[in-house]
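Participant: Supplied in structure tokens, the structure appears directly below.
Numbering (my numbering), first residue to last: 14 to 206.
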């Protein structure tokens, strides 16, 4: 692991702090990453990246209360795992799109088998939702993406965020309410078609 070699470059007090964080949170970081990436190797990469990030920002962890460190580690872990998951998903989608592309093929939508109108409507709706998601407070945007984009249950999100399922349900409710307030009739018009 790269972060182990980086430990040597830290001052002794910083190295002790980083080692303590690794010993206290290594398994938790790995578990969060594994839950999101569903892959042991990716979870190990996330652990490595999180620890490198911790060492780069070691001053944020030195002398901080445990609950602040807990929250920061969960945020680092979740963000790093989601970023890796998205990157791999995009790469896979691009590979599939390229492998499906065949210039000699004369497949068209004319036969109606692709339900062109439904596809266009879904894309328009998705674009409208994306536009308003970015206007939400970050915690609301994140919770809606975890539920609707990545398909996590409220129980799974509660585990990831180290909170209760009821707290997640309430946050999803508030996020959807805020999204509706921001979008007004525009989102309703897109979804009624």
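For each residue, glycine too, the CB sits at the ideal point set by N, CA and C. Nothing here was measured: the structure is a model prediction, and the numbers come from that model.
If you drop the 5 nearest sequence neighbours on each side, which residues of the same chain put their C-beta closer than 8 angstroms to that of residue 157?
Facilitator: Translated into the one-based positions of the chain shown, residue 157 becomes position 144. Counting only Cβ-Cβ distances below 8 angstroms, and skipping sequence neighbours, we find 146, 149, 185, 188, 189, 192.
Participant: Please report the distance separating the alpha-carbon of residue 50 from that of residue 25.
Facilitator: If you number the chain shown from 1, residue 50 lands on position 37. If you number the chain shown from 1, residue 25 lands on position 12. About 34 angstroms.
Participant: State the DSSP-derived secondary structure class of residue 51, mapped to helix, strand or coil.
Facilitator: Counted from its first residue, the chain shown places residue 51 at position 38. If DSSP states are grouped into helix, strand and coil, residue 51 belongs with coil.
Participant: Would you say residue 34 and residue 90 are within 7 angstroms of each other, going by their C-beta atoms?
Facilitator: The count along the chain shown starts at 1 and reaches residue 34 at position 21. The count along the chain shown starts at 1 and reaches residue 90 at position 77. No, they are not a contact pair.
Participant: Is the CB-CB distance between residue 167 and residue 178 below 7 angstroms?
Facilitator: Numbered from its first residue, the chain shown carries residue 167 at position 154. Numbered from its first residue, the chain shown carries residue 178 at position 165. Residue 167 is a Cβ neighbour of residue 178, given a cutoff of 7 angstroms.
Participant: Looking only at C-alpha atoms, which of 75, 194, 100, 63 sits nearest to residue 43?
Facilitator: Within the chain shown, numbered from 1, the residue matching residue 43 stands at position 30. Of the residues 75, 194, 100, 63, the one whose Cα lies closest to the Cα of residue 43 is 63.
Participant: Taking the alpha-carbon of residue 32 as reference, which of 98, 58, 67 has the nearest alpha-carbon?
Facilitator: Here residue 32 refers to the residue found at position 19 when the chain shown is read from its first residue. Checked all of 98, 58, 67; the closest Cα to residue 32 is 67.
Participant: Could you compute how far the alpha carbon of residue 37 sits from the alpha carbon of residue 103?
Facilitator: The residue labelled residue 37 in the question sits at position 24 within the chain shown. The residue labelled residue 103 in the question sits at position 90 within the chain shown. For residue 37 and residue 103, the distance between alpha carbons rounds to 33 angstroms.
Participant: Given a threshold of 16 other Cβ atoms within 10 Å of its Cβ, counted over all protein chains shown, does residue 140 qualify as buried or as exposed?
Facilitator: If you number the chain shown from 1, residue 140 lands on position 127. So residue 140 counts as exposed.
Participant: Where does residue 56 land, buried or exposed, given buried means 16+ other C-beta within 10 angstroms?
Facilitator: The residue you call residue 56 lines up with position 43 of the chain shown. Residue environment analysis places residue 56 among the buried positions, since at least 16 neighbouring C-beta atoms fall within 10 angstroms of its C-beta.
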